[in-house]
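See below for the structure under consideration.
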Amino acid sequence: MSARSKARKRALDVLFESEVRGLPVGGTLSDRVADNDPPVNEFTVALVEGVAKHIDVIDDLLQTHSVGWSLDRMPAVDRNILRIGTYELLFDDQVPDVVAVSEAVAMARDLSTDESPAFVNGLLARLLQLKPTLGV
Numbered sequence: 001m002s003a004r005s006k007a008r009k010r011a012l013d014v015l016f017e018s019e020v021r022g023l024p025v026g027g028t029l030s031d032r033v034a035d036n037d038p039p040v041n042e043f044t045v046a047l048v049e050g051v052a053k054h055i056d057v058i059d060d061l062l063q064t065h066s067v068g069w070s071l072d073r074m075p076a077v078d079r080n081i082l083r084i085g086t087y088e089l090l091f092d093d094q095v096p097d098v099v100a101v102s103e104a105v106a107m108a109r110d111l112s113t114d115e116s117p118a119f120v121n122g123l124l125a126r127l128l129q130l131k132p133t134l135g136v
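Residue numbers for the sequence shown follow the UniProt record's numbering, beginning at 1 and rising by one.
Right under this line is the structure:
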């Protein structure tokens, strides 16, 4: 697993933990950085902070473009994988679009249900298709 893939997984852990604990998006980041066990690298921090900064837009896009699933009904792991993927796809110019989608699908394959990779791929592919018209 590449260093960036590990950083994405760590970002997912932070986002998931924050949600489970009922904290704001990324609310456990400072605790994880302070604990440094396992270490939290700069890319993980950038992902969590980026998702937190753009959470309203990200969640609105996911809610609007997911077919048959409201944001609240999605498994928490899928929801947070999609948040990271959407952030990278729309707000991080340093990550190629194909990498953002591929990494999100890989996390879904490794960490979620059998149906999750196809769901994540389909929703992120739709956002990629709409990217030029989204104005973000």
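Even for Gly, the Cβ is constructed at its ideal location relative to N, Cα and C.
Let's test the definition: count the other Cβ atoms within 10 Å of the Cβ of residue i and tell me whether it reaches 16, buried, or not, exposed.
{"i": "Ala104", "result": "buried"}
{"i": "Leu90", "result": "buried"}
{"i": "Glu42", "result": "exposed"}
{"i": "Asp67", "result": "Per the sequence presented here, residue 67 reads as Val, with Asp not at that position. Classification for Val67: exposed."}
Enumerate in chain order the residues of its own chain whose CB-to-CB distance from residue i is below 8 Å, with the five nearest sequence positions on each side excluded.
{"i": "Ser18", "result": "Pro24, Val25, Gly26, Gly27, Thr28 and Leu29"}
{"i": "residue 138", "result": "Nothing in the structure corresponds to residue 138, since the chain is present only between 1 and 136."}
Beta-carbon within less than 7 Å of residue i's beta-carbon, same chain only, minus the 5 sequence neighbours each way: which residues are those?
{"i": "Leu111", "result": "Val77"}
{"i": "Glu88", "result": "Val95 and Ala100"}
{"i": "Ala3", "result": "none"}
Do residue j and residue i come within 9 Å of each other at the CB atom, strictly closer than that value?
{"i": "Thr44", "j": "Arg21", "result": "no"}
{"i": "Gly85", "j": "Val57", "result": "no"}
{"i": "Gly126", "j": "Pro117", "result": "It is worth fixing the name first, because residue 126 is Arg in this sequence and not Gly. Not a contact, by the Cβ cut-off of 9 Å."}
{"i": "Asp97", "j": "Lys131", "result": "yes"}
Could I get the ranges of all uninterrupted beta strand (DSSP E) runs contained in the region 105-133, with 3 residues as the minimum, in chain order? none
Completely contained alpha helix (DSSP H) runs for the region 44-98, where each covers 4 or more residues: 55-65 and 76-91
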